[in-house]
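In this note's numbering, the protein residues as written are 1390 to 1480. The beta-carbon is built from N, C-alpha and C at its ideal position, and this holds for glycine as well. Notes to accompany the following structure.
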Ligand SMILES: [Zn+2]
């Protein structure tokens, strides 16, 4: 619950995705976050079986909170959609 959400970026590090504070974003794809470093899975490009996998809304904060910290990797910059429209986006 609360694993799909639309929000506004409050703070963000400089990045190459063009996302900046104040932008509207949708948390995209499947809300699984692999560690990228475990030997058996991530280093063999099998991130879906990561031994340190985190699931948004299960192991971490979710969209039911007022504020949440997420990796920029799971954010999609959105233009010209309302928050109501963004809330039903399933990219
Ligand atoms: Zn991993």
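Going by DSSP, which residues form a beta bridge with residue i?
i: residue 1364; result: The structure shown has nothing for residue 1364, since the chain only spans 1390 to 1480.
i: residue 1414; result: 1396 and 1466
Excluding the 5 residues preceding and the 5 following residue i in the sequence, name in chain order all residues of the same chain whose CB lies nearer than 8 angstroms to its CB.
i: residue 1414; result: 1395, 1396, 1397, 1398, 1408, 1464, 1465, 1466 and 1467
i: residue 1406; result: 1461, 1464 and 1466
i: residue 1484; result: Residue 1484 is absent from the model: the chain starts at 1390 and stops at 1480.
Output the distance between the C-alpha atoms of residue i and residue j, rounded to the nearest integer angstrom.
i: residue 1440; j: residue 1434; result: 13 angstroms
i: residue 1368; j: residue 1432; result: The requested residue 1368 does not occur in the structure, where the chain is confined to residues 1390 to 1480.
i: residue 1477; j: residue 1459; result: 19 angstroms
i: residue 1401; j: residue 1421; result: 20 angstroms
i: residue 1427; j: residue 1445; result: 19 angstroms
i: residue 1456; j: residue 1404; result: 20 angstroms
Which residues bound the alpha helix (DSSP H) around residue i?
i: residue 1476; result: 1472-1476
Got a sec? Which residues, its chain only, sit under 6 angstroms from residue i by beta carbon, not counting five neighbours each side?
i: residue 1423; result: 1431, 1436, 1439 and 1442
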